[in-house]
Every structure is written in structure tokens, then in C-alpha cells.
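> My questions will all concern the structure given below.
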Amino acid sequence: MTLNTLYFDGGEEIRDLTIVGGGPTGIFAAFQCGMNNISCRIIESMPQLGGQLAALYPEKHIYDVAGFPEVPAAGLVDSLWKQTERYHPEIILGETVTRYRKLEDGSFEVTVSSGRIFLSRALLIAAGLGAFAPRKLPQLTDIDHLEGRSVFYAVKNISDFAGQRVVIVGGGDSALDWTVGLLNTAAQVTLVHRMHEFQGHGKTAREVLDAKASGRATVFLNTEVKGVDTEGDRLTVVHLQSKNGKIAHIEADCLLLLIGFKSNLGPLAAWDLELADNALVVDSHMKTSVDGLYAAGDIAYYPGKLKIIQTGLSDAAMAVRHSLNYIKPGERISHTFSSLKVAKQKRDATKNG
Numbered sequence: 000m001t002l003n004t005l006y007f008d009g010g011e012e013i014r015d016l017t018i019v020g021g022g023p024t025g026i027f028a029a030f031q032c033g034m035n036n037i038s039c040r041i042i043e044s045m046p047q048l049g050g051q052l053a054a055l056y057p058e059k060h061i062y063d064v065a066g067f068p069e070v071p072a073a074g075l076v077d078s079l080w081k082q083t084e085r086y087h088p089e090i091i092l093g094e095t096v097t098r099y100r101k102l103e104d105g106s107f108e109v110t111v112s113s114g115r116i117f118l119s120r121a122l123l124i125a126a127g128l129g130a131f132a133p134r135k136l137p138q139l140t141d142i143d144h145l146e147g148r149s150v151f152y153a154v155k156n157i158s159d160f161a162g163q164r165v166v167i168v169g170g171g172d173s174a175l176d177w178t179v180g181l182l183n184t185a186a187q188v189t190l191v192h193r194m195h196e197f198q199g200h201g202k203t204a205r206e207v208l209d210a211k212a213s214g215r216a217t218v219f220l221n222t223e224v225k226g227v228d229t230e231g232d233r234l235t236v237v238h239l240q241s242k243n244g245k246i247a248h249i250e251a252d253c254l255l256l257l258i259g260f261k262s263n264l265g266p267l268a269a270w271d272l273e274l275a276d277n278a279l280v281v282d283s284h285m286k287t288s289v290d291g292l293y294a295a296g297d298i299a300y301y302p303g304k305l306k307i308i309q310t311g312l313s314d315a316a317m318a319v320r321h322s323l324n325y326i327k328p329g330e331r332i333s334h335t336f337s338s339l340k341v342a343k344q345k346r347d348a349t350k351n352g
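Last residue of the sequence shown: number 352 in numbering that gives the first Met the number 0, and the count goes up by one each step with no gaps.
Here it is, written out as C-alpha cells:
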């Protein structure tokens, strides 16, 4: 999926719905717009669609999306886009929405970082956790020149680690997933976690411990990275210290820091919308505190919210469905099963062709 095959800019033409964010939730919201016969645009700050899945975890395998026993993150994004592209949504890439304004007629205008203004009848925020940056180890103050060479905060290309001695830091899902995922690629895998037990999925944790027991991986718990040795732009040694004072020196080619990301709502925080848990409060219709402005995915908060991809897709369907009442006031909104709707679209396309 490339910029050239995706990019369509409809200029200043008004759309029924502007979707802020082009991750899985935003892409699926665009699909739902097509299913409900409304026009839309996606505005995404990154140079490609897919959100964190495309930017940070394209080769990570995902196991908890219905209908996909196992799917690479990039593969899921491609499938979502393949599902959506038949409706030709407008796509604006590399632009950050900086402000919004609700007009007297109830429509919305959004301003992006370049100064351009886009109009729509309703607005959907699907911006994930907002802007994000990787968490770094404060004790490693002189490794910036190694980033992208020997120090990484995500696995974008698994080939970067082929035949390398890799030290992974972290105890959550990403750290566990890549400890297992690199076993057949890296020459050596060492996992370092500062706590006494893992915080990631139990099944993957067992796989890591099995790899340790079989000698395929080395695992240090209750242990922290204290420093590194380098030669030019190459990492050579990672220094560890356990909580009981035991020291270890691990020869390494790559340091993979998977200790999470810091999120920031950015301009959204100043939009005078009700917030809770660093997210936008929504009702059962996914509406925020402003009529006509909806939120879906990780950026949306409601009691009992579970922040997983599957929930974001459901949020998107709900938000688009209920936005119809705002976009087309007074019209009767009926539900058509997707199988019937797509079959009709194919028949119509054949007639028109």
C-alpha cells in the first residue's frame, strides 16, 4: 500500500464526515461511511495510513482480531484498506489537525498544520492515543547516535535483526512477542525485565519461559540496564544489574527497547471537550460533549472501555451509524445487511459498466 495508490485530495469540497486519524479505527470508519452512503475524508498526520500498526509494528503478528487467527499488523492494515477503497474516501496524509470550529449551520471546519481548512457536516476523532513517542531509559544518555542502527524502539523490519545478538528490554506484550518472534532470526536473544514477573499475555510469557528452559533465549528478571559500551556507531556490550546487586555484561549488536510509548493528546487537549483518562468522553452513541462531534477507538472513553483493535472497529461502526442522524436530520435511517448492499452495488456497477 503506497502513497500513490492511496492519495486522493478533494480540495475544499464539503464532506459528510471528516475522520481525524487513519489507523484501523479510522479506516474502518471510512468503510462504514461507504456502507451508509455518506461521503468522508480521512486526515492522517503520518505519511501513510495504519497508525501505530504501520509506523511501529508492521511485522508484529496480531492474534485477537475476529476472523484472523494470526495476521501481521501491516497485513491487517492492507485488508482494512482493501475493504474500504471501493468507496474511494478522500485521503489527506502528512497533515495534523490543529483546531476545529463548529459553524452556525452546525457543520464543522478543521484546520491542519499547513493552514488548509476542510469542511464537513460532522466530525469523528479516531486519533488513537494521540501523538506518541517511545519511552527511553533515562540512564542511557548517550545513545541517540545509535538509534536506527543499533538501538531500536520498535521492529519495523525484522531483517534488521538477522544474525544479530539482540538484547530486548521490557516485560509487556511487545517485548514478549518479539522475544519469541526473533528466535528464528537473531543469532542470540536476551530479554531483560526490571520486575519479577511479566505483564504481557500469559500464553506468550509461557513461550518465553519455554525458550529460556530450552536454551534458545536468555531471560533476566528483576534486572535493569545500567549502561552500554559502543565502538563508533556500533553497540558492543550491554551492562546489567539485578536488584540484589548481581552484575552481568552481555555482548550485543542490537538493543531493542520495548518499554512502551508516551502519548500526548496534543491540540485535542485544548478543544474544550470533556476528558477522562486522557481520552474524550463519549455517550452510548459515541458522541462527545459537542453535538455532531464523535470519537472512536482508543481516543474515546466510556465506562468499561477495552482498548483493543476489535473494540475500536465496533466504536467506528457505532459512531458512523449514529452520525447519520446529525448529518441527515429528519431522514429515516434503515439498516441493510452488508451482503445485500454489496451485492446490489456490484449489480449496479455491472449495469453502469
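Each residue gets a CB set at the ideal place from its N, CA and C atoms; glycine is no exception. A quick note: this is a predicted structure, and the numbers were derived from the prediction, not measured.
(1) Quick one: grab the DSSP three-state call for N263.
(2) Relative to the C-alpha of L75, which residue among Q309, L220 and G20 is closest?
(3) Under the three-state reduction of DSSP, which class applies to T184: helix, strand or coil?
(4) How is the beta strand (DSSP E) around S44 delimited, first residue to last?
(5) Just reading off the alpha helix (DSSP H) that E206 is part of, what are its end residues?
(6) Tell me the rounded alpha-carbon separation between I13 and V96.
(7) Which two residues bound the contiguous alpha helix (DSSP H) that contains V76?
(8) Whole angstroms are fine: how far does the CA of W80 sit from the CA of Y6?
(9) Indicate whether at least one CB of chain B lies closer than 7 Å to the CB of L123.
(10) Assuming contact is defined by CB atoms lying nearer than 7 Å, are V191 and T178 in contact in what I supplied?
(11) Short check: CB of G311 to CB of T24, under 7 Å?
(12) If you draw a straight line from the alpha carbon of E223 to that of A65, how long is it in whole angstroms?
(13) Return the CA-CA distance between V237 and V154, expressed in angstroms with no decimal places.
(14) Can the beta-carbon of S86 be found less than 7 Å from the beta-carbon of A72?
(15) Pull the bridge partners of T222 from the DSSP assignment, please.
(16) A28 and A126 - do their beta-carbons sit closer together than 7 Å?
(17) So, Q31 versus V319, is the Cβ gap smaller than 7 Å?
(18) Taking I326 and I41 to be in contact with their CB atoms under 8 Å, please state how far apart those CB atoms are, rounded to whole angstroms.
(19) What did DSSP end up calling N3 once you bin it into helix, strand or coil?
(20) Less than 7 Å between C-beta atoms, sequence neighbours within five positions excluded: which residues of the same chain meet that for L272?
(21) Have a look at the DSSP bridge pairing and note the partners of H60.
(22) By DSSP, does K135 sit in helix, in strand, or in coil?
(23) Alpha carbon to alpha carbon, what distance is there between K225 and D141?
(24) Find the nearest neighbour of V109 within the set G20, L256 and E84, judged by alpha-carbon distance.
(25) Quick check on S119: does DSSP put it in helix, strand or coil?
(26) Determine the direct distance from the alpha carbon of D77 to that of L2, and round the result to whole angstroms.
So, to answer that:
(1) strand
(2) Q309
(3) coil
(4) Here S44 belongs to no beta strand (DSSP E), and DSSP marks it neither H nor E.
(5) G201 to A212
(6) 16 Å
(7) A72 to T83
(8) Low per-residue confidence applies at Y6: pLDDT is 45, beneath 50, and the placement is therefore not dependable, though the value from the model is reported in the following sentence. Rounded to the nearest whole angstrom, the C-alpha separation of Y6 and W80 is 12 Å.
(9) No chain B is part of this structure, which consists of one protein chain only.
(10) It is not a contact, given that the beta carbons lie outside the stated cut-off.
(11) yes
(12) 37 Å
(13) 19 Å
(14) For the sequence presented, residue 86 should be read as Tyr rather than Ser. The answer is no: Cβ separation not under 7 Å.
(15) BP columns for T222 point to S241.
(16) no
(17) yes
(18) Not quite, the Cβ-Cβ distance comes to about 16 Å (not below 8 Å), so this is no contact.
(19) Reliability of the predicted coordinates at N3 is poor, the pLDDT of 37 falling under 50, and the value obtained from them is presented with this limitation in mind. Reduced to three states, the DSSP call for N3 is helix.
(20) L279, T287, S288 and V289
(21) Beta-bridge annotation (DSSP): H60 is paired with P71.
(22) In the three-state scheme derived from DSSP, where H, G and I count as helix and E and B as strand, K135 is classed as coil.
(23) 12 Å
(24) Among G20, L256 and E84, the Cα nearest to that of V109 belongs to G20.
(25) strand
(26) Confidence in L2 is poor, its pLDDT being 38 and thus under 50, which makes the residue's placement too unreliable to answer from.
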